[in-house]
Amino acid sequence: MGDAGSSRTGQRGPGALVLLSACGVLLRLLVGLSPYSGAGDAPKFGDYEAQRHWMEITTNTPPRSWYQDGPHNNASYWPLDYPPLSGYQSWIHGKMVAAFEPEAVALGSSRGYETPSSKSLLRWTVVLSDVLTFFPAALLSARLLRPAAGAARAAGAGAGAGASAELFALAALLLQPAHVLTDHGHFQYNCISLGLALGGAVAIAAHGRRVLGSVLFCAALSHKQMSLAYAPAFFAHLLGSSLQAPGLPRQVSAVAVLGVTVIASFGVMWAPYLTSLDSLMEVVSRIFPVRRGLYEDYLPNWWCATSVAIKWKDLASNTALVRACAGLALLACAPSMVQQVLAPSPQGLLLAMVNSGFGFFMFGYQVHEKSILLPLMPITALAAWEPDAAIWGPVVAAFSMYPLLERDGLALPYAGAIAMYLAVMGKLRDAAFSGSGTPQRAAGWLAAAGQGAIWGGGAAALALHAARALLPPPERLPWLWDRAFISLAFVYVVAGMCYFNWRQWAQPASGGIVSATPNGVAPRGAAGSAAAAAALGRRGGPVGIGSGGGASPQAAATGKIKST
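FYI, the numbering for the sequence shown is 1 to 564, going by the UniProt record's numbering.
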């Protein structure tokens, strides 16, 4: 009876996926009707003007001069400070805009250009970028990165399988408010780097295509340097899977292939800037601005949250702080890296991306509010395993950015996007997980404590919104409400870091993921991962989803995973 029902649901799946994707586009268009960063705020405006200015520079000057100071391109007015792929993207978008309104990207004379038509054109470049990069990655992730039916039944309340779980996961990725408000409200192109990173993770986790996954991740890193936060996760997983090859020669060969892939990928993407060391260093000095300071504005990370009590800039030099940030960020990533080297698994890769994203957000240097999207993207990709985190994580992330969003005039879209997200996700969650019991029955006091924290935190967040709207801050504490917002969000970020690190080391032996490979054969290297995970399991350690846990000994030996 249950299988028949799943079959009927699956037949409706493609139409539902298309409808949900259309809703994602509509949401982006509606948010795009709102103001953006720096609207009408001369003389420097904001992120919208930065992106427009980069289109102006890239379409009117040769690539080798994009990172060089000049009359129209200097450090005093929105210099291009993202890697070369962002420059190529700006060139493409600039050409598109110039085809309809060349005045919008005219060299020099277009500074602060804000006609209604040009604003609409730039908004559409973000929508198209999202649809062409993040949407395909999200569709593949929702389709492939979820438990197989047998694994979901073994996992019980913690996992969902079938078409309903696929819809739930896709909604988590496409409708989550923090991403939509940042890119289509505030105005950025995070969708490109996040889509490339997610695509790389899907290629590796679902198909075992490690070379393709490496190329896509290199592209993500070459688009936005904040993707560096995922590097520990990809490195540890790929190293761990390479070490599963039988014999030292094959292990060395696997590592060498990946090394050549990475070098070749960066060589192609960075080619215009590899002609001399000076040219390369011009790019590096722009994208890693070590003189800007520990963080931007108010955000819920360690450095900002503790700055009221500890004046970090007075305690140490800028160089020392940069080193401390790098060391602490890597230290925060270390547990998840060790786990993936020992027992690489598809679900483990996503969990490692969450943990490394949290590590860099919490302790990294020059972190922005928008960097919360780094751990958030893989959290939503794990929606089939972590439904509560996928529902509430985006809400907490959007809440942490509220001071920024309010300044941009995005308070109303913020409220509407969150309300819609919670309504849709609540409905889809009921359909996806109704047959697997309740989290409270599965996890007892832990789930009950989690639910209490969610509702308690929600009440506190609503109280803060009311206080900010109704009570002006004291004159001597103008930052009071901004500080209160990020302090509450900081508590949840710390809780998220602790939970997902524990979660990675406590992955249940619950079977495989849905695989697109023929006859349910696991991705290449899964048999070795199964053996390593099984060995850890015998010692009481973690066994990852997709690593053979929960399968028969014969399946573990052959690398077979049951697929729907």
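Built from N, CA and C at the ideal position, the CB exists for glycine as well.
Going by C-alpha positions, M420 is about 12 Å away from V180.
Linking T133 to L315 through their CA atoms gives a straight-line distance of about 43 Å.
Judged by DSSP in its simplified three-state form, V290 adopts coil rather than helix or strand. Between the alpha carbons of Q68 and V262 lies a distance of about 26 Å. A142 has its alpha-carbon roughly 15 Å from the corresponding atom of F433. Close CB contacts of A165 within its chain, under the 7 Å cut and outside five residues either way in sequence, are with R146, A384, A432 (chain order). A distance below 7 Å between beta-carbons, with the five flanking residues on each side excluded, links L216 to the following residues of its chain, in chain order: L196, G199, G200, A203. Per DSSP, S242 is one residue of the alpha helix (DSSP H) stretching across 231-242. With the rule of 3 Cβ pairs closer than 8 Å, the segment 350-366 counts as touching the segment 491-499. When DSSP states are grouped into helix, strand and coil, Y414 belongs to the helix group.
Along the segment 67-111, the alpha helix (DSSP H) occurs as fully enclosed runs of 4 or more residues at 84-100, listed in sequence order.
A352 is the residue among S214, A352, G327 whose C-alpha sits nearest the C-alpha of R503.
Rounded to whole angstroms, P116 and L350 show a C-alpha spacing of 41 Å. Spatial neighbours of M401 in its own chain (CB-CB distance under 6 Å, excluding positions within 5 residues in sequence) are listed in chain order as E369.
Separation of the CB atoms of F500 and V354 is rounded to 5 Å, and the pair is thereby assigned contact status at 8 Å. Closest in alpha carbon position to A489, among N318, F288, S34, I372, is I372.
Contact between the segment 335-345 and the segment 233-248 is present: three or more C-beta pairs spanning the two stretches fall below 8 Å. In this structure, DSSP gives Y421 a helical state, which the three-state scheme calls helix.
With respect to S37, D408 sits close: the two C-beta atoms are nearer than 7 Å. Rounded to the nearest angstrom, the Cβ distance from E56 to L20 is 36 Å, too far for a contact under 8 Å. Taking 7 Å as the cut-off, the beta carbon of L175 is found no closer than this to the beta carbon of L428. If you compare the alpha carbons of Y113, G162, Y273, V131 with that of L85, the shortest gap goes to Y273.
Closest by C-alpha distance to Q366, out of G15, C333, I379, A329, is A329. A contact is defined here as three or more CB-CB pairs under 8 Å, and the segment 180-195 meets this definition with respect to the segment 42-49.
A check of alpha carbon separations from Y88 across S222, D130, V424 identifies S222 as the nearest. Under the criterion of beta carbons closer than 8 Å, S214 and L258 qualify as touching, at roughly 6 Å. Per the coordinates, the alpha-carbon of G456 lies some 41 Å from the alpha-carbon of H207.
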